[in-house]
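Under my numbering, the residues of the sequence shown are numbered 2 to 280, in order.
Glycine residues also receive a C-beta, built at the ideal position from the N, C-alpha and C atoms.
As structure tokens, the structure follows; a few thoughts come after it.
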Amino acid sequence: MVTKYQGDIIIQRRDGTIYDLDKEGIRVISFDPPSANFQHTYTQTGDYGADLTSTQVQQTTIPLTFDVTARDNYDYELQRLKVLQIFSSIEPFYVINMRTPFLRWKVVAEAFSYPRLGNFWKAKSVAVNLVCYEGFAESTATTKDPFTFDGGTYGIGMGMPFDTPKYSFINRTKFKFLNPSLIPLLANERPVTLNFRGVAPSGITILNHTTGQSFKYKQPLINDDIFKLVGLIPIVNGLQRFGNSYSDRSFIDYAIGYNEMEIVGSTDFTLDFNTRFYY
């Protein structure tokens, strides 16, 4: 029986190195990401039922199976070393299926064997379990990238409306922030970076009316200042500003869908967001 190869699987190291597995002589048989690994906690409330008290997402294991071909015995050993290099998990790496090039999974590989057929040119099917410890795929693009379906940055099925959402604003004190992810963007787990540059004589307040949250920076800002709110962390001109004299020590989350936002304290500013989305 002839093996049907899936192909088009890319491994991207965090230093930017790209491995196209097909071009490396690694023929992918299957790469089938499962659903998120939801873990539910229940509390018994009576003789005939329980309450669902919490839901968490744990790490997801993605099986990857492939064959490796070589020209001779020596090339076989070189290919084995290359496979070990590609899937080295001293640090996480990304795996991308080019059928959906707008998504990537951050993974580490569990230990795997490299069995050999009774010849010199092919390894038996190698099975590698890739552990996606964050539980979800992330968009390869960020809100800083152009929103184009034909450019491979975003795709059908990612929840993006055809009237392109905006993530940068000039002098707009009220606007909407769209989070098309399957999960909320929490400040302590999936921090969004908000960049603000403008005049705020008494500081600024950032409100998310959808979640009912607000963040207040108490110090004045001028045009030369660069203010960032990175999840929980306010930063001005590269310096973290944690003290009570600087902020009210609050934070902003972003719910799934549209978030009604407001800026108070300035009408002369530019503002933009930088984040990925999760699926």
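Of Lys107, Glu92, Asp68 and Ser140, the smallest CA-CA separation from Pro116 is found for Asp68. For Glu263, the enclosing beta strand (DSSP E) begins and ends at Gly258 to Val265. Setting aside the 5 residues that flank it on each side, Pro34 is surrounded in the same chain by Ile63, each with a C-beta closer than 6 Å to its C-beta; the list follows chain order. Between Ile236 and Phe274, the alpha-carbon positions lie close to 14 Å from each other. Counting other Cβ atoms within 10 Å of its Cβ, Ala112 stays below 16 and is therefore classed as exposed. Rounded to whole angstroms, the separation of the alpha carbons of Gln13 and Asn245 is 42 Å. When the five nearest sequence neighbours on each side are left out, the beta carbons in the same chain lying within less than 6 Å of the beta carbon of Ser90 are those of Val109 and Ala110, in order along the chain. Of all alpha-carbon atoms in Lys107, Asp23, Tyr49 and Ile184, the one lying nearest the alpha-carbon of Thr56 is that of Ile184. By the criterion of a C-beta distance shorter than 7 Å, Glu92 is surrounded in its chain by Arg15, once the five residues flanking it on both sides are discounted. Beta-bridge partners assigned by DSSP to Glu92: none are found.
With respect to the C-alpha of Phe32, the residue from Ile19, Asp9, Gly17 and Ala51 having the closest C-alpha is Asp9. Between Asn189 and Ala256, the C-beta gap is not smaller than 8 Å, which leaves the two residues out of contact. Looking from the CA of Pro147, the closest CA among Tyr168, Val129 and Met159 belongs to Tyr168. Approximately 14 Å separates the beta-carbon atoms of Asp254 and Thr194; this is outside 8 Å, ruling out the contact. Looking from the CA of Ser251, the closest CA among Asp226, Leu104, Tyr218 and Gly258 belongs to Tyr218.
The three-state reading of DSSP puts Glu78 in helix, counting H, G and I together. The beta carbon of Glu263 lies closer than 7 Å to those of Thr174, Lys175, Leu208 and His210 in the same chain, with the five residues before and after it left out. Thr44 counts as exposed, since fewer than 16 other C-beta atoms from the protein chains shown sit within 10 angstroms of its C-beta.
Contact between Gly156 and Ser267 does not hold, since their C-beta atoms are separated by about 36 Å, which reaches or exceeds 8 Å. Judged by beta-carbon spacing, Ala128 lies within the 8 Å limit of Thr66, meaning their Cβ atoms are closer than that value. For Lys83, DSSP records no beta bridge to any residue.
For Ser55, the three-state secondary structure derived from DSSP is strand.
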